[in-house]
Amino acid sequence: MNIVLMGYRGCGKTTVGRIVAARLQRPFFDADAIIRGRAGKTIREIVAAGGWESFRALERSAVEELAGQEGCVIALGGGAVLDQQNVKALKRNGFFLWMTADGATIARRLGKDGATDAQRPPLAGTDTGAEIEIILREREPVYRAAADGVVATAGRPVEEVATEIIQITHPHLLASQE
13 MNIVLMGYRG CGKTTVGRIV AARLQRPFFD ADAIIRGRAG KTIREIVAAG GWESFRALER
73 SAVEELAGQE GCVIALGGGA VLDQQNVKAL KRNGFFLWMT ADGATIARRL GKDGATDAQR
133 PPLAGTDTGA EIEIILRERE PVYRAAADGV VATAGRPVEE VATEIIQITH PHLLASQE
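The opening position of the sequence shown corresponds to residue 13 in the numbering used here, with each subsequent residue numbered one higher.
Next up, the structure:
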């Protein structure tokens, strides 16, 4: 069984995912990094050249490949679960954890990440704080529907969040091995 981390940008999917994978001695995959590597472009460049449809097609291909993996930790891009084909593919052997944070925490984290603006295009055409709130409201029902568990990340050290993810997934990982 795979551990699939989903949630908005800046919720810690990649950072925490690497820690979880290391502790469990499992491979770690970041879907957005795979897409950037294959395209040889940032997400911003992919979207600028071919639109969001082009990016989502690359994402679907990467997710389908990741869904074929076994026993790994996968960090999805924030919008990957908007495509039900992605969710269906990953649910075959994946346990979905929705990593959450409030808008102010996400804005602060994104502001500290110098690569965010260079790597990712805006989603709503507004200032960052307003965009975060708009997109969080839009995606919340989709994240909730896909989630097998929820982990709050705001105000918590990444090591603590990783420990909680391992505790939540442990019984499911054991059951999948039977």
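Quick reminder that beta carbons are idealized off the backbone N, C-alpha and C, glycines included.
Just so we're clear, the structure is a prediction, and the values are computed from it rather than from any experiment.
In the structure shown, T54 adopts coil according to DSSP, grouped into three states.
Under the three-state reduction of DSSP, N98 is assigned to helix. Within the same chain, Cβ atoms closer than 7 Å to the Cβ of R104 are found at A79, the five residues on either side in sequence being excluded. Checking the DSSP bridge columns, you'll see A87 partnered with L17 and D42. From the listed residues D44, S66, T27 and I147, the smallest Cα separation to E172 is found for T27. Here A164 is bridged, per DSSP, to T112. Within the model, the alpha-carbon separation for L102 versus R120 is close to 30 Å.
Under the DSSP assignment, P153 falls in the alpha helix (DSSP H) whose first and last residues are T140 to A158. Bounds of the alpha helix (DSSP H) holding G29 are K25 to L36. Secondary structure note for P169: it is in no alpha helix (DSSP H), with a DSSP letter that is neither H nor E. Contact between G83 and R38 holds: CB atoms are separated by about 6 Å, below the 8 Å threshold. Cβ contact annotation for T117 (same chain, cutoff 8 Å, sequence separation greater than five): G22, T165, A166 and G167, in chain order.
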